[in-house]
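Just so we're aligned, residue 987 is where the sequence shown starts under our numbering, counting upward by one.
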Amino acid sequence: MRRRKFSLLERGIVTQRAYQHCEYCRSPLDFSPESFDIEHIIPLAKGGSNELENLALSCGGCNSRKRDKTVGYDAQTDTIVPLFNPRTDEWNVHFALNEDFSLIESKTAIGRATIATLELNRKGVVNLRKALVHFGVFPPEHL
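Pasting the structure below:
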């Protein structure tokens, strides 16, 4: 299947469904210095589709690290596991924010592999979370 440009309606649906936050690191669209992309959760090259169920809102940092990956390494169990899928997995099952809301912690092997692969606690994102907590706009209410 070929990659195609998404319509404004499709972009709007994906963005609203994600509450205007990256579906992986939870960076807010309105405050992030990175551009946001509509990404294929399962890449087209690996049999994914252009259907809404296979699309996620992703900040540039997460999207550039995920690329065409669908699995990651969990060092704790020494296994390859699926990466977090925003359409079939619940964020709160696999992740939690630490006490000061600056770091994403894992609850599962999927969480650990996703945090490592996408570097969900990269310095810029952690600093952004800290600043947004200070101004009272993070964490998002939907977490």
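By construction, the Cβ of each residue, glycine as well, lies at the ideal position given by its N, Cα and C atoms.
Label residue i either buried or exposed according to how many other C-beta atoms from any shown protein chain fall within 10 Å of its C-beta, with 16 as the threshold for buried.
i: L994; result: exposed
i: T1100; result: buried
i: A1117; result: exposed
i: I1027; result: buried
Could you name the residues of the same chain whose beta carbon sits closer than 6 Å to that of residue i, not counting the 5 residues immediately before and after it, in chain order?
i: T1001; result: L1043
If you follow the beta strand (DSSP E) that residue i is part of, which residue opens it and which one closes it?
i: T1100; result: T1100 -> not in any beta strand (DSSP E); alpha helix (DSSP H) instead, spanning A1095 to L1104.
i: T1065; result: T1065 to P1068
I need the DSSP call for residue i, collapsed to helix, strand or coil.
i: L1114; result: helix
i: S1050; result: helix
i: V1123; result: coil
i: L1038; result: helix
i: D1091; result: The identity of residue 1091 in the sequence shown is Glu, whereas the question assumes Asp. Three-state DSSP puts E1091 in a strand.
Output needed for residue i: all residues of its chain with C-beta closer than 8 Å, excluding positions within five of it in sequence on either side, in chain order.
i: Q1062; result: A1095 and R1098
i: A1158; result: No statement about residue 1158 is possible, as the shown extent of the chain runs from 987 to 1129 and does not include it.
State whether the segment 1043–1052 contacts the segment 1079–1095, with contact taken as three or more CB pairs (one from each stretch) at a distance under 8 Å. Taking 8 Å as the limit for Cβ pairs, the verdict is that the segment 1079–1095 does not touch the segment 1043–1052.
Using 8 Å as the threshold, is the segment 1064–1075 in touch with the segment 1087–1107, meaning 3 or more CB pairs across them? The segment 1064–1075 makes contact with the segment 1087–1107, as at least three CB pairs between them are under 8 Å.
Pair every Cβ in the segment 1107–1114 with every Cβ in the segment 1007–1025, then say whether three or more of these pairs are closer than 8 Å. Segments in contact, yes.
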